[in-house]
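Each step along the sequence shown adds one to the number in this note's numbering, with nothing skipped, and position 441 is 1173. All C-beta atoms in this analysis are idealised placements derived from N, C-alpha and C, irrespective of residue type, glycine included. One structure below.
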Amino acid sequence: MAEKRETIRAAIYLRISLDQTGEGLAVERQREDCERIARERGWTVVATYTDNSISASDKTKVRPGYDRMVADHARRRFDAIICWDLDRLTRQPRQLEDWIDAATDRGLLLVTANGEADLSTDGGRLFARIKASVSRAEIERKGARQSAAQRQRAAMGRPPRGIRATGYTLNGDIVPHEAEAVRAIFTAFSKGSSLKAIAAALQGAKQAERDAGDRTMVQVLPSNVPVLPSRNGRPWNPTTVTAMLRNPRYAGWSMLAGEIVRDSAGNPVQGQWEPLVTDTLWLEVQRRLDDPARKSSRAGTDRKHLGSGLYLCGICGQPVKSHGTRYRCAGHVMRSRSQIDALVLDAIRALLARPDLADLLPVADSERANELRQAVTKQRDRIARARADYAAELIDGSLYKEIKDDAEQAIQFLEAERLTLTVGDASASVLRAASPVDAFNHADLAEARAVIDTLCTVRLYPAPRGRKALDPETVKIAPRQSDSASERTGP
Ligand SMILES: [Zn+2]
């Protein structure tokens, strides 16, 4: 009997745009590539959708072929989409998310002729999202038409004439105090500060948003963002902050009319100026800007209080919300915010003071982490052996000191690498600091939340009626990773 095998029904999507980069591929060439993929995979092409000269970036423009494809997909007329490049399919993150949902929920297959998008893997989805973010960032700043001379300047990576970005002079030289502000804005946003908080900090708002009697000592505004007069004299607002965060010039990419300029091979042209942020940070910021709910990080959402959305109700497990001066869940807990925060902050400071802090952190690369742990043990053994040798008068004091100093320095480097492995988020600046407790005491709200999220889970339980004093047994603070699985309660 023949092996039972369902034929995969494939749809091909083709789009030609009149893009000024001139790398637009003729529809026929796209079609050939896509049909070849179908043949190679043994898929049956059941429909081909084509849009001509229509931008994938403007959602007000109608794309009849695309719309028909979406409708046909809803009617389950095909199982797979083949397109030449993700850019051809969509440049709108929201549409991309719909296709990702279709891929994860209904098993839609999506392949591109250049082999980049495979929505069935985490890596493929991440890549697709980054790519959509970059496209989005490029098109959002589309504006003035460009002259041939401007285009030439941009292709050579020279700064655009007559337009100065905050942080640079017209020639592309750095304006130090502005550049410092730009870096701080990118860092603060990537760490979870809201656009509003950043705008307020630039505006010089007072750090007075603290509740009376609240011992949290946590600043609501990002701590490193300096006061900076806006260039048009109007108050900073989330839109002007966004415009800065969207500007690819800060990552060192040449741009023209709001788009990243690419060379004939499609690579971004490097500008002839010093970048203010790394391309990784810039991309991370674009990803956060494109995430409307900012839901990629629990700790990073736009919050005013230490524990809202972060602490959990011990009964139902749902995150608690702020309600007046309290934290509450839908029906189980209603606890004093200042009391709980003070307890949590004390517990966090105690955790940060532990010499085995690195052991408490979640580990991303466990293999390398094991190597490092062993290497640290080896160096500690070396010190112990040298001490024994010295005690037995086999070596003299100066040699013992030499061995000990050398080993201790090695340990310092190894521990530093261990921390970089374990911490890659907003909490890193605190956890990697020479004194994490000090750094925590100076952290802003977003950082403090990230540290709590990295280190532990906080669960609130109902407090017995009629008791004013806080019963620490009703607040469970469990380190995320520790040698013992037992839960620690607050001090
Ligand atoms: Zn609950």
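message = I'd like to confirm something about Gly-1041: is its beta-carbon nearer than 8 Å to some heavy atom of ligand 1, or not?
response = no
key: Counterpart residues of Lys-1036 in DSSP-defined beta bridges   = Paired residue(s): none; Lys-1036 is not in a bridge.
query = How far does the alpha helix (DSSP H) with Ser-1054 in it reach, from first residue to last?
reply = Counting along the chain, Ser-1054 sits inside no alpha helix (DSSP H); it lies in the beta strand (DSSP E) bounded by residues 1053–1055.
ask   = Which residue or residues does DSSP assign as beta-bridge partners of Trp-968?
value = According to DSSP, which records beta bridges pairwise, Trp-968 is partnered with nothing at all.
query = Taking 8 Å as the cut-off, does the CB of Val-1207 come closer than this to any heavy atom belonging to ligand 1?
reply = no
query = Does DSSP put Gln-1111 in a helix, in a strand, or in coil?
reply = helix
query = Is it the case that the Cβ atoms of Arg-1112 and Ile-1135 are separated by a distance below 9 Å?
reply = 9 Å or more divides the Cβ of Arg-1112 from the Cβ of Ile-1135.
inquiry  = Bridge partners for Ala-779 per DSSP, in chain order?
reply    = Ala-743
request  = Give the straight-line distance between the Cα atoms of Arg-915 and Leu-1008, rounded to the nearest whole angstrom.
outcome  = Each residue's alpha carbon lies about 6 Å from the other.
inquiry  = With a threshold of 8 Å on Cβ separation, who are the neighbours of Ala-770 within its own chain once the five nearest residues in sequence on each side are excluded?
reply    = Closer than 8 Å at Cβ, skipping near neighbours: Ala-742, Ile-744, Thr-776, Val-777 and Ile-814.
request  = Report the option in Leu-977, Pro-1211 and Pro-892 whose CA atom is closest to the CA atom of Arg-1081.
outcome  = Nearest of Leu-977, Pro-1211 and Pro-892 to Arg-1081, Cα basis: Pro-1211.
request  = Return yes when the C-beta of Ile-1072 is under 8 Å from any heavy atom of ligand 1, and no when it is not.
outcome  = no
inquiry  = Quick check: what's the CA-CA separation for Asp-1128 versus Ala-1139?
reply    = One alpha carbon belongs to Asp-1128, the other to Ala-1139, and they sit about 17 Å apart.
message = Restricting to Cα atoms, I'd like to know which of Gln-824, Pro-970, Thr-739 and Ala-1195 is closest to Ala-929.
response = Cα-wise, what sits closest to Ala-929 is Pro-970.
request  = Mind reading off the beta-carbon distance from Leu-842 to Ala-835? Whole number of angstroms is fine, and I expect it under 8 Å.
outcome  = Correct: roughly 6 Å between the Cβ atoms.
query = Any heavy atom of ligand 1 closer than 8 Å to the CB of His-1064?
reply = yes
query = When the distance is taken between beta carbons, is Trp-968 closer than 9 Å to Leu-1226?
reply = One cannot answer for residue 1226 here, as it falls past the ends of the chain, which runs 733 to 1223.
query = For Val-1052, which of Tyr-1193, Pro-1204 and Val-907 has the nearest alpha-carbon?
reply = Minimum Cα distance to Val-1052 is reached at Tyr-1193.
message = If the criterion is Cβ atoms closer than 9 Å, does the pair Ala-920 and Asp-1176 meet it?
response = yes
ask   = Buried or exposed: where does Thr-844 fall if 16 or more other Cβ atoms within 10 Å of its Cβ makes it buried?
value = buried
task = Would you identify the three-state DSSP class for Leu-1077, choosing helix, strand or coil?
result = helix
query = Are the beta-carbon atoms of Thr-974 and Leu-927 separated by less than 9 Å?
reply = yes
ask   = From the DSSP output, which residues share a beta bridge with Met-976?
value = Beta-bridge partners assigned by DSSP to Met-976: none are found.
query = Could you give the residue range of the alpha helix (DSSP H) that holds Lys-928?
reply = Start and end: 927–935.
key: Environment of Glu-1205 [buried if 16+ CB atoms lie within 10 Å]   = Answer is exposed; the Cβ neighbour count stays below 16.
message = What does DSSP give as the partner residue(s) for Ser-1068 in the beta ladder?
response = Residue pairing from DSSP places Ser-1068 in a beta bridge opposite Arg-1058.
ask   = What does a CB cutoff of less than 6 Å around Arg-1069 pick up in its chain, not counting 5 residues either side in sequence?
value = Thr-1057, Arg-1058 and Tyr-1059
request  = Measure the C-alpha to C-alpha separation of Ala-1118 and Arg-1105 and round it to an integer number of angstroms.
outcome  = Whole-angstrom Cα-Cα distance: 20 Å.
request  = Could you check how far apart the C-beta atoms of Leu-1084 and Phe-1145 are, in whole angstroms? I think they sit under 8 Å.
outcome  = Not really, about 21 Å apart at Cβ, beyond 8 Å.
task = Look at the Cβ atom of Ile-1184, then the Cβ atom of Leu-1075, and state whether they are nearer than 9 Å.
result = Result no, Cβ atoms of Ile-1184 and Leu-1075 do not sit closer than 9 Å.
inquiry  = Taking its Cβ as the centre, do 16 or more other Cβ atoms sit within 10 Å of Met-801, making it buried, or is it exposed?
reply    = Looking at its Cβ environment, which holds 16 or more other Cβ atoms inside 10 Å, Met-801 is buried.
message = Please state the DSSP three-state secondary structure of Thr-1221.
response = Reliability of the predicted coordinates at Thr-1221 is poor, the pLDDT of 40 falling under 50, and no value is obtained from them.
request  = Tell me whether the beta-carbon of Arg-1256 lies closer than 9 Å to the beta-carbon of Arg-747.
outcome  = Outside the displayed span of the chain (733 to 1223) sits residue 1256, for which this structure offers no information.
task = Would you identify the three-state DSSP class for Ile-1047, choosing helix, strand or coil?
result = coil
ask   = Who are the near neighbours of Asp-765 in its chain, counting only those whose CB is closer than 8 Å to its CB and skipping five residues on each side?
value = Trp-816 and Ala-845
ask   = What's the C-alpha gap between Arg-981 and Phe-918?
value = C-alpha of Arg-981 to C-alpha of Phe-918: approximately 13 Å in a straight line.
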